[in-house]
Amino acid sequence: MEDLDTLVLCTVARWQSSGLPVVLVTVARTWGSSPRPPGSLMAINERGETVGSVSGGCIEDDLIEQIRVGGVQSLCATAVPTVLRYGISAEEAHRFGLPCGGTIELVLEPVSALSRIGELLLACQQRRATERVLDLLTGEVVLREGRHDGVPQLQDARLTTFLGPRARLIVIGAGDLSRYLCQMAISLGFEVIVCDPRETRLSDWHLDGVAVTREMPDDLVQRLQPDARTAVVALTHDPKIDDLALIDALQSNAFYVGAIGSRRNTAQRRERLKAHFDLSDAALEGLHGPAGLYIGSKTPAEIALSIMAEVVAAKNGVQMSESARVAKAKSRLEALDSTNTVT
Numbered sequence: 002m003e004d005l006d007t008l009v010l011c012t013v014a015r016w017q018s019s020g021l022p023v024v025l026v027t028v029a030r031t032w033g034s035s036p037r038p039p040g041s042l043m044a045i046n047e048r049g050e051t052v053g054s055v056s057g058g059c060i061e062d063d064l065i066e067q068i069r070v071g072g073v074q075s076l077c078a079t080a081v082p083t084v085l086r087y088g089i090s091a092e093e094a095h096r097f098g099l100p101c102g103g104t105i106e107l108v109l110e111p112v113s114a115l116s117r118i119g120e121l122l123l124a125c126q127q128r129r130a131t132e133r134v135l136d137l138l139t140g141e142v143v144l145r146e147g148r149h150d151g152v153p154q155l156q157d158a159r160l161t162t163f164l165g166p167r168a169r170l171i172v173i174g175a176g177d178l179s180r181y182l183c184q185m186a187i188s189l190g191f192e193v194i195v196c197d198p199r200e201t202r203l204s205d206w207h208l209d210g211v212a213v214t215r216e217m218p219d220d221l222v223q224r225l226q227p228d229a230r231t232a233v234v235a236l237t238h239d240p241k242i243d244d245l246a247l248i249d250a251l252q253s254n255a256f257y258v259g260a261i262g263s264r265r266n267t268a269q270r271r272e273r274l275k276a277h278f279d280l281s282d283a284a285l286e287g288l289h290g291p292a293g294l295y296i297g298s299k300t301p302a303e304i305a306l307s308i309m310a311e312v313v314a315a316k317n318g319v320q321m322s323e324s325a326r327v328a329k330a331k332s333r334l335e336a337l338d339s340t341n342t343v344t
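Numbering of the sequence shown is given in this note's numbering, commencing with residue 2 and proceeding in unit increments.
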């Protein structure tokens, strides 16, 4: 499963190549509460078919109705981008399903060769963060290297948006836990790669949408050079497989590096990486172990949910308190049990 931005762009490219007039819609700005954040994309073709979303559905319905009545030109009468605002009044907010006080500003762009959709898709596929500048007066687009997480800017007849590579998850070890983790990651739009050099583990391991490799995990990490949109999770419990990959991952730009294991094994791993591989305390600070947030998980599916929740939090820049992490929460519960026993 592709992430939503890539899905929208791929669909736009397909519609465009088949000769269908298409409008690309971007959430440029919001005020108050809004269903979708700035930078969200959707597209609509002349048949009223849509992909992506900019609201809970009511704004999409309004755009579809306008196209069905007057064609694509009803949204972009002069064949250049148009700025449209919804939710200014309480009546409009109610009509379009916006929360009280919510206002959303959209840029509607008639897709043409000037839109450079194919080049933008290629940049995303090559994991290049891209800044896209749309001239609202002409419809011309300039693409240049940029950050992947910038906030859209609408000013001086220009819309500047930022698109980057989709989030990627490298899973070390094939098994039941990794299967559940991969399924969750795919549903969240991650690109997923599973690596396990043990032939018996991969003999019947398959999951649609997941790339599988038998190369040594440290070779894979060195080859891929994890960027700031990549997470690495080690699940084998085997230091010979996990440790070398973790060393390289911890010295990369990966936004998350984690490994499962007991608190005792995690402490031993940290000591081992520091004593035998000269990994610095600063690098070891980036190791999430035991991986996951404490939710009382028992089954492989629950453990996968715990890990994926921590990965998503890290991706979104959310700083979790130590008390939410597995090691700290279990220590606290053991201390409480000990106190209750003594009492």
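The beta-carbon is built from N, C-alpha and C at its ideal position, and this holds for glycine as well. Keep in mind that this is a model prediction, so the values were computed, not measured.
Enumerate in chain order the residues of its own chain whose CB-to-CB distance from residue i is below 8 Å, with the five nearest sequence positions on each side excluded.
{"i": "Gly290", "result": "Gly259, Ala260, Ile261, Gly262, Thr267, Arg270, Arg271 and Ala328"}
{"i": "Met185", "result": "Ala305, Leu306 and Met309"}
{"i": "Ile248", "result": "Asp219, Leu274, Phe278 and Leu280"}
{"i": "Val222", "result": "Ile171, Val233, Ala246, Asp249, Ala250 and Ser253"}
{"i": "Glu311", "result": "Tyr257, Gly259, His289, Ala292, Gly293, Leu294, Met321 and Arg326"}
Helix, strand or coil for residue i per DSSP?
{"i": "Trp16", "result": "helix"}
{"i": "Leu288", "result": "strand"}
{"i": "Gln74", "result": "helix"}
{"i": "Phe163", "result": "strand"}
{"i": "Met217", "result": "coil"}
{"i": "Glu66", "result": "helix"}
{"i": "Gly210", "result": "coil"}
{"i": "Leu21", "result": "coil"}
{"i": "Gly119", "result": "helix"}
{"i": "Tyr295", "result": "coil"}
{"i": "Asn317", "result": "coil"}
{"i": "Pro240", "result": "helix"}
{"i": "Gln154", "result": "strand"}
{"i": "Val327", "result": "helix"}
{"i": "Ala255", "result": "coil"}
{"i": "Asp136", "result": "strand"}
{"i": "Thr31", "result": "strand"}
{"i": "Ile261", "result": "coil"}
{"i": "Arg348", "result": "Nothing about residue 348 can be read from this structure; the chain reaches only from 2 to 344."}
{"i": "Thr300", "result": "coil"}
{"i": "Thr104", "result": "strand"}
{"i": "Val343", "result": "Confidence at Val343 is low in this model, with a pLDDT of 48, below 50, so its placement is unreliable and the value that follows should be read with caution. Three-state DSSP puts Val343 in a helix."}
{"i": "Thr79", "result": "coil"}
{"i": "Glu1", "result": "Here the chain has residues from 2 to 344 only, and residue 1 is not among them."}
{"i": "Ala1", "result": "Shown here, the chain extends from 2 to 344; a query on residue 1 therefore has no answer."}
{"i": "Val84", "result": "strand"}
{"i": "Val9", "result": "helix"}
Do residue j and residue i count as a contact pair if the criterion is CB distance below 8 Å?
{"i": "Ala175", "j": "Val195", "result": "yes"}
{"i": "Ala325", "j": "Leu274", "result": "no"}
{"i": "Gly40", "j": "Ile68", "result": "no"}
{"i": "Ser113", "j": "Gly140", "result": "yes"}
{"i": "Leu280", "j": "Val234", "result": "no"}
{"i": "Met43", "j": "Glu66", "result": "no"}
{"i": "Arg215", "j": "Pro198", "result": "yes"}
{"i": "Ala130", "j": "Gly147", "result": "yes"}
{"i": "Ile173", "j": "Gly210", "result": "no"}
{"i": "Asp243", "j": "Thr237", "result": "yes"}
If you draw a straight line from the alpha carbon of residue i to that of residue j, how long is it in whole angstroms?
{"i": "Leu123", "j": "Leu164", "result": "12 Å"}
{"i": "Ser75", "j": "Arg230", "result": "39 Å"}
{"i": "Ala80", "j": "Arg167", "result": "31 Å"}
{"i": "Leu21", "j": "Asn46", "result": "6 Å"}
{"i": "Lys331", "j": "Ala292", "result": "13 Å"}
{"i": "Asn254", "j": "Pro301", "result": "28 Å"}
{"i": "Glu323", "j": "Arg15", "result": "46 Å"}
{"i": "Pro38", "j": "Arg145", "result": "23 Å"}
{"i": "Asn317", "j": "Phe256", "result": "10 Å"}
{"i": "Gly287", "j": "Thr162", "result": "30 Å"}
{"i": "Gln17", "j": "Thr7", "result": "15 Å"}
{"i": "Cys59", "j": "Pro111", "result": "21 Å"}
{"i": "Leu64", "j": "Thr83", "result": "13 Å"}
{"i": "Arg117", "j": "Val142", "result": "7 Å"}
{"i": "Leu178", "j": "Leu155", "result": "44 Å"}
{"i": "Gln200", "j": "Ala283", "result": "The sequence given here places Glu at residue 200; Gln does not occur at that position. About 35 Å."}
{"i": "Pro153", "j": "Ala315", "result": "22 Å"}
{"i": "Pro240", "j": "Leu285", "result": "16 Å"}
{"i": "Lys299", "j": "Ser204", "result": "26 Å"}
{"i": "Arg265", "j": "Arg128", "result": "37 Å"}
Would you please state the rounded distance, in angstroms, between the beta carbons of residue i and residue j? I believe it to be under 8 Å.
{"i": "Val33", "j": "Gly103", "result": "One detail in the question is off: residue 33 reads as Gly in this sequence, not Val. With a Cβ gap of about 4 Å, Gly33 and Gly103 count as contacting."}
{"i": "Arg55", "j": "Val28", "result": "Here the sequence assigns Val to residue 55, which means Arg is not the residue at that position. 5 Å between Cβ atoms; contact."}
{"i": "Ala13", "j": "Cys77", "result": "The sequence shown places Val at residue 13, not Ala. Between Cys77 and Val13 the Cβ distance is about 15 Å, and since that is not below 8 Å, they are no contact."}
{"i": "Val52", "j": "Leu107", "result": "Between Leu107 and Val52 the Cβ distance is about 15 Å, and since that is not below 8 Å, they are no contact."}
{"i": "Leu160", "j": "Leu189", "result": "At roughly 27 Å, the Cβ-Cβ gap does not stay under 8 Å, so Leu160 and Leu189 are not in contact."}
{"i": "Leu109", "j": "Leu85", "result": "6 Å"}
{"i": "Arg169", "j": "Leu208", "result": "With a Cβ gap of about 16 Å, Arg169 and Leu208 do not count as contacting."}
{"i": "Leu121", "j": "Arg133", "result": "6 Å"}
Below 6 Å CB to CB, which residues in the same chain sit around residue i once its five sequence neighbours on both sides are set aside?
{"i": "Ala212", "result": "Ile194"}
{"i": "Asp4", "result": "Arg167 and Gly190"}
{"i": "Gly151", "result": "Phe163"}
{"i": "Ile296", "result": "Ser307"}
Who are the Cβ neighbours of residue i in its own chain at under 7 Å, not counting the five residues just before and after it?
{"i": "Arg224", "result": "none"}
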